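Residue numbers (the numbering used here): 74 to 153.
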């Protein structure tokens with residue numbers, strides 16, 4: 074008589090483990106950043122940080138920024 078309860082328990086545990094976890098799919102969601110105080114004592118407002126930029130030129134500005142920081146010292150004038 075305990076055998077059906079055992080199988081029901083196993084099925085329930087396996088279904089619970091296959092539930093919606095955080096890293097399934099893309100795993101990217103908007104995150105609310107709580108208000109805080111920075112190192113200088115200034116108040117920083119709370120805001121929603123989006124996982125990807127919604128601007129149409131986001132990829133262009135990201136590649137421009139990456140190029141700038143990777144070649145930052147190459148084309149600069151050297152201090153003497």
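Glycine included, C-beta positions come from ideal geometry on N, C-alpha and C. Every value quoted in this text rests on a predicted model; they were computed, and no experiment measured them.
A straight line joining the alpha-carbon of residue 141 with that of residue 135 spans about 10 Å. Within the model, the alpha-carbon separation for residue 81 versus residue 130 is close to 53 Å. Residue 125 is not bridged by DSSP to any residue.
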